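J.:
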Amino acid sequence: MRIRVNFDRWILTGALAFALFVTSARPARAHAVVYPRKSTPGAYEKYVLRVPNEKDSPTLSVEIRFPSGIRVVSFADVQGWTLRTITDSAGKITGAVWTGSLSPDRFIEFPFIAVNPDDAATLTWPAYQTYADGERVEWVGPTDSKRPASSTTIASAGRENLFLRLAAFAALLLALISLGVAVRPRTT
0 MRIRVNFDRW ILTGALAFAL FVTSARPARA HAVVYPRKST PGAYEKYVLR VPNEKDSPTL
60 SVEIRFPSGI RVVSFADVQG WTLRTITDSA GKITGAVWTG SLSPDRFIEF PFIAVNPDDA
120 ATLTWPAYQT YADGERVEWV GPTDSKRPAS STTIASAGRE NLFLRLAAFA ALLLALISLG
180 VAVRPRTT
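If you use numbering that gives the first Met the number 0, the sequence shown closes out at 187, no skipped numbers anywhere.
1. Three-state secondary structure (DSSP) at residue 179?
2. Kindly list the residues whose CB is nearer than 7 Å to the CB of residue 156, restricted to its own chain and excluding five residues on each side of it in sequence; keep chain order.
3. With DSSP as the reference, label residue 167 as helix, strand or coil.
4. Starting from the C-beta of residue 30, find all residues in its chain whose C-beta is less than 7 Å away, skip the five residues before and the five after it, and write them out in chain order.
5. Check whether the segment 69–83 and the segment 111–120 touch, using three or more Cβ-Cβ pairs below 8 Å as the test.
6. State the DSSP-derived secondary structure class of residue 126, mapped to helix, strand or coil.
7. Just reading off the beta strand (DSSP E) that residue 75 is part of, what are its end residues?
8. Does the beta-carbon distance from residue 59 to residue 127 come in below 9 Å?
9. To which residues does DSSP link residue 40 through a beta bridge?
10. Look at residue 46 and residue 151 and say whether their C-beta atoms are less than 9 Å apart.
11. Identify whether residue 156 lies in helix, strand or coil by the three-state DSSP scheme.
12. Do you know how far the Cα of residue 178 is from the Cα of residue 101?
13. Restricting to Cα atoms, I'd like to know which of 180, 36, 48, 176 is closest to residue 108.
14. Considering only residues of the same chain and omitting the five flanking positions on each side of residue 92, which have a CB-CB separation below 6 Å?
15. Relative to the C-alpha of residue 62, which candidate in 82, 78, 55, 77 has its C-alpha closest?
16. Rounded to the nearest angstrom, what separates residue 103 and residue 175 at their Cα positions?
17. Alpha carbons only, please: which of 169, 168, 186, 68 is nearest the one belonging to residue 117?
18. Output yes or no for whether 9 Å exceeds the beta carbon distance between residue 90 and residue 64.
Rendered as structure tokens:
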């Protein structure tokens, strides 16, 4: 009987752990992050660059370089900050620099609208944060680095929804099996 109770607890614990993993597993995050993290091909998307100040010195400027696959069409005004766009020789917006002052332990968001590429892609958003003490932090590394660049996955909603449905079904199935094991009558 003791072995059966321990087995039941193991099943229940495993199912709960799996459900938590499926619902909370996320890739590593950059500290300068562009949201949303997922979008659809061809969409006119409102993106937001969120930047926290993680130092004791104020942030004085934030710069982002836009992925070549998108077309940035407009920016929202951010109170207390001045925007300067960076363009290529054809006039396409390739980056933006906001200057202002962000106190320690605060964050700021810089909204903009861009047209996504027509095909599936991963957009990488290199960002740079300059502090009043002169330090310039570059959020440009790979996902597993100390200072990763933010990224957005462009994919059709169908593929993403299928994965989420399958993961939810698997979690539900494990939970139901665990519940059945936990409530079944015990034999002595």
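Heads up, the beta-carbon is just placed ideally off N, CA and C, and yes, glycines get one too. Quick caveat, the model's predicted, so the values are computed rather than measured.
T.: Taking the structure as given:
1. The residue labelled residue 179 in the question sits at position 180 within the sequence shown. Helix at residue 179.
2. Taking the sequence shown and counting its residues from 1, one reaches residue 156 at position 157. The answer, listed in chain order, is 39.
3. Here residue 167 refers to the residue found at position 168 when the sequence shown is read from its first residue. Helix.
4. The count along the sequence shown starts at 1 and reaches residue 30 at position 31. Excluding sequence neighbours, residue 30 sits near 51, 53, 138.
5. yes
6. Position 127 of the sequence shown, counted from the first residue, corresponds to residue 126. Here residue 126 sits in strand by DSSP.
7. If you number the sequence shown from 1, residue 75 lands on position 76. Note, residue 75: premise wrong, no beta strand (DSSP E); not H, not E.
8. The residue you call residue 59 lines up with position 60 of the sequence shown. The residue you call residue 127 lines up with position 128 of the sequence shown. Against a cut-off of 9 Å, the Cβ pair of residue 127 and residue 59 comes out as no contact.
9. In the sequence shown, the residue the question calls residue 40 occupies position 41. Looking at the DSSP assignment, residue 40 forms no beta bridge with any residue, so it has no partner.
10. Taking the first residue of the sequence shown as position 1, residue 46 is located at position 47. Taking the first residue of the sequence shown as position 1, residue 151 is located at position 152. Yes; because the gap between Cβ atoms is below 9 Å, this pair is in contact.
11. Taking the sequence shown and counting its residues from 1, the one referred to as residue 156 is at position 157. Helix.
12. By one-based count along the sequence shown, residue 101 stands at place 102. By one-based count along the sequence shown, residue 178 stands at place 179. The straight-line gap from Cα to Cα measures roughly 50 Å.
13. Within the sequence shown, numbered from 1, the residue matching residue 108 stands at position 109. Closest by alpha carbon: 48.
14. Taking the first residue of the sequence shown as position 1, residue 92 is located at position 93. The residues are 71, 84, 86.
15. The residue labelled residue 62 in the question sits at position 63 within the sequence shown. Ranking 82, 78, 55, 77 by Cα distance to residue 62 puts 82 first.
16. Residue 103 sits at position 104 when you count from the first residue of the sequence shown. Residue 175 sits at position 176 when you count from the first residue of the sequence shown. Those two C-alpha atoms are separated by around 48 Å.
17. Counting from one through the sequence shown, the residue named residue 117 turns up at place 118. Measuring from the Cα of residue 117, the nearest candidate turns out to be 68.
18. To locate residue 90, count along the sequence shown from 1; it is residue 91. To locate residue 64, count along the sequence shown from 1; it is residue 65. No, the pair does not count as a contact, with Cβ atoms beyond the cut-off.
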